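Student:
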Amino acid sequence: MVTAADNPAVAAYDSKIEGNIVFTKVDAAINWMRKNSLWPMPMGLACCAIELMATASSRFDISRFGMEVMRFSPRQADVMIVAGTVTYKMALAVKRVWDQMPEPKWCIAMGACASSGGMYRSYAVLQGIDQLIPVDVYISGCPPRPEALIEGLMKLQEKIELEHSTQDQKKTFFEENA
Amino acid sequence: MASVLENDLPALREALGAGIISEVEFRGENTLNLSLEALPKALAFCKENLNYELLLDISSLDHFGDDPRFEVVYELASLDDTRHLRLKAKVFEDESVPTSIHLWKAADWHEREVWDMMGIPFSGHPNLKRILMWEGYPFFPLRKDFPLAGRPTDMPDVAFTGVAPLEGGPFVTAPTTADNAKREPRARHQE
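Going down the list, the protein sequences come from chains A and B.
Here the working numbering is used: the first residue of the first sequence is -4, the next is one more, and so on.
Here the working numbering is used: the first residue of the second sequence is 7, the next is one more, and so on.
1. List the endpoints of the continuous beta strand (DSSP E) containing A:Val77.
2. Output, in sequence order along the chain, the residues in the segment 145 to 157 of chain B whose CB is closer than 9 Å to any CB in chain A.
3. Could you give the first and the last residue of the continuous beta strand (DSSP E) run that contains A:Ser160?
4. Taking C-alpha atoms, which residue in B:Ala113, B:Thr183, B:His108, B:Gly156 lies nearest to B:Glu54?
5. Would you report the Cα separation of B:Arg33 and A:Ala107, rounded to the nearest angstrom?
6. Once DSSP output is grouped into helix, strand and coil, what is the label at A:Met48?
7. Would DSSP call B:Tyr6 helix, strand or coil?
8. Any contact between the segment 151 to 162 of chain A and the segment 111 to 129 of chain A? By contact I mean 3 or more CB pairs, one from each, below 8 Å.
9. DSSP three-state call for B:Tyr143: helix, strand or coil?
10. Verify the CB distance criterion: does A:Leu40 have a CB-CB separation below 8 Å to chain B?
11. Any beta carbon from chain B within less than 8 Å of A:Ser117's own beta carbon?
12. Roughly how many angstroms lie between the CA atoms of A:Glu156 and A:Trp27, to the nearest whole one?
13. Starting from A:Cys108, follow the alpha helix (DSSP H) in both directions and report where the run begins and ends.
14. Kindly say whether B:Leu11, judged by its beta-carbon, lies nearer than 8 Å to any beta-carbon of chain A.
15. For B:Leu110, which residues in the same chain have their Cβ closer than 6 Å to its Cβ, ignoring the five residues on either side in sequence?
16. Return the first residue and the last residue of the beta strand (DSSP E) that A:Ile134 is part of.
17. Does B:Asn186 have its Cβ less than 8 Å from a Cβ in chain A?
18. With C-beta atoms as the reference, is B:Ala165 less than 8 Å away from A:Ala86?
19. Note down the Cα distance separating A:Lys154 from B:Tyr143, rounded to an integer number of angstroms.
20. According to DSSP, simplified to helix, strand and coil, what is B:Pro46?
21. Opposite B:Asn39 in the DSSP bridges: which residues?
22. By Cβ distance, which residues of its chain are closer than 8 Å to B:Leu70, with the 5 residues on each side in sequence left out?
23. Would you please state the rounded distance, in angstroms, between the beta carbons of B:Leu82 and B:Leu67? I believe it to be under 8 Å.
24. Quick one: residues in its chain with C-beta nearer than 7 Å to the C-beta of B:Asp122, no 5 flanking neighbours on either side, listed in chain order?
25. Under a three-way DSSP split, which group does A:Tyr115 fall into?
26. Who are the Cβ neighbours of A:Pro141 in its own chain at under 7 Å, not counting the five residues just before and after it?
27. Between which two residues does the beta strand (DSSP E) containing B:Val79 stretch?
28. Tell me whether A:Trp101 sits in a helix, a strand or coil according to DSSP, three-state version.
29. State the Cα-Cα distance for the pair B:Glu35 and B:Val103, rounded to the nearest angstrom.
30. Using the beta-carbon count (16 or more within 10 Å), is B:Met7 buried or exposed?
31. Confirm, please, whether the CB-CB distance from B:Leu38 to B:Glu29 is below 8 Å.
32. Find the nearest neighbour of A:Met149 within the set A:Gly113, A:Val21, A:Asn31, judged by alpha-carbon distance.
33. Using C-beta distances below 7 Å, list every residue in its chain close to A:Glu170, excluding the 5 sequence neighbours before and after it, in chain order.
34. Could you name each continuous alpha helix (DSSP H) segment of 4 residues or more that falls completely within the segment 96 to 125 of chain B, going from the start of the chain to the end?
35. Are the CB atoms of B:Ala170 and A:Gly123 within a distance shorter than 8 Å?
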């Protein structure tokens, strides 16, 4: 048997984990990890929050997608789910919480109110959270059923799969140092 | 049906005299229209002599174009829920209504809401600031001359408002036997 002491070249190769080696691109690996551990920041503002809670509980169970870790601290969250009517009084507080979330971060506008103001065409309600923060996925419904929210989160997963984070970082690096 | 207020109303008439402008009874609900001068006396009399322990609500109306423009409405009830009484008084635009916090603590937030939404000031209120909108918001949104869509404002780091797109709305229904499309139009253009 050839050991590491005999031949330094084999020291980097361990036959015990040989079968577990996967060849991939860094971006693909990062995207895979990100999309399967999306930690939501539940921004529950109205009745959509009830559907959001139902989505998290056992009947619908978003832990099947690795999203059950609701983080009430924005510093530990990846995706903000804006669930409900954003009043002007609340708008800048939502923005502040969003600003506290670390990159990379995504936003889902859940339901008619968060997407467009919904039925509240009035002086008191912000006409869509996309006026303040960039939204990745809009979910229709008033409120949307839990299945719709899961569909939205899966759409977000598909979007994350297509990102090129290290490639983009490398590109920016070379552009800045050119 | 004999009114459950058959003792209260004569007592109020005697105490207030000409302060009562008119009395209305409609489907068992009794309303007294008072002059603004008689209102605080009437409220105190109801609380202290007639045992209306509960102030259910203070609301307000904007009779835009009329003079006096505003009207405040007090809903009183006894704690055993046998007697209800509504007191109304008209308020000119530059007048203020005496506070009734010393009678009912519930008046505190009700008066602040009337001030916030309609802009009727209450004299003697210890903390008359906005309750729903933020301090510094320049308008009174429930006044008739305030558009439903709102007006743009901006207070940096506090809040801002914009104008909502109404698209020909507001979407209102009108009583009719027509079908749904006619009864609830997507947009009804106002003349």
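The beta-carbon is built from N, C-alpha and C at its ideal position, and this holds for glycine as well.
The structure displayed is predicted, hence computed values, not measured ones.
Tutor: This is what the structure gives:
1. According to the DSSP assignment, A:Val77 belongs to the beta strand (DSSP E) that extends over 74 to 78.
2. Within the segment 145 to 157 of chain B, the residues whose Cβ lies closer than 9 Å to some Cβ of chain A are Phe145, Pro147, Phe152, Pro153, Leu154, Ala155, Gly156, Arg157, listed in chain order.
3. Secondary structure note for A:Ser160: it is in no beta strand (DSSP E), and the uninterrupted alpha helix (DSSP H) holding it is 160 to 171.
4. Among B:Ala113, B:Thr183, B:His108, B:Gly156, the Cα nearest to that of B:Glu54 belongs to B:His108.
5. Going by the C-alpha atoms only, they are around 41 Å apart.
6. A:Met48 falls in the helix class under three-state DSSP.
7. Only positions 7 to 197 of chain B appear in this structure, which leaves residue 6 of chain B out of reach.
8. The segment 151 to 162 of chain A is not in contact with the segment 111 to 129 of chain A.
9. In the three-state reduction of the DSSP assignment, B:Tyr143 falls in the coil class.
10. It does not; no Cβ of chain B falls within 8 Å.
11. Interface criterion met: the Cβ of A:Ser117 is under 8 Å from a Cβ in chain B.
12. Answer to the nearest angstrom: the Cα atoms are 7 Å apart.
13. For A:Cys108, the uninterrupted alpha helix (DSSP H) run begins and ends at 106 to 111, by DSSP.
14. Output row for B:Leu11: interface = no.
15. It is worth fixing the name first, because residue 110 of chain B is Trp in this sequence and not Leu. Leu61, listed in sequence order.
16. Start and end: 132 to 134.
17. Closer than 8 Å to the CB of B:Asn186 there is not a single CB belonging to chain A.
18. Their beta carbons are under 8 Å apart, which means B:Ala165 touches A:Ala86 by this criterion.
19. Answer to the nearest angstrom: the Cα atoms are 40 Å apart.
20. B:Pro46 falls in the helix class under three-state DSSP.
21. Paired residues: B:Ser28, B:Lys94.
22. Looking at the sequence provided, one finds Phe at residue 70 of chain B rather than Leu. Excluding sequence neighbours, B:Phe70 sits near Arg149, Lys150, Asp151.
23. 17 Å between Cβ atoms; not a contact.
24. Arg136, Ile137, Leu138, Met139, listed in sequence order.
25. The answer is coil: DSSP assigns A:Tyr115 none of H, G, I, E or B.
26. So the list reads Glu46, Ala49, Thr50, Phe55, once near-sequence residues are dropped.
27. First-last of the beta strand (DSSP E) with B:Val79: 76 to 83.
28. For A:Trp101, the three-state secondary structure derived from DSSP is strand.
29. If you take the alpha carbons of B:Glu35 and B:Val103, they lie about 24 Å apart.
30. Note that B:Met7 scores a pLDDT of 42, beneath 50, so its modelled location is shaky and nothing firm can be said.
31. In this structure, B:Glu29 places its C-beta atom within 8 Å of the C-beta atom of B:Leu38.
32. Checked all of A:Gly113, A:Val21, A:Asn31; the closest Cα to A:Met149 is A:Asn31.
33. Excluding sequence neighbours, A:Glu170 sits near nothing in its chain.
34. Within the segment 96 to 125 of chain B, complete alpha helix (DSSP H) segments of at least 4 residues are found at 113 to 124, given in chain order.
35. Contact flag unset, no.
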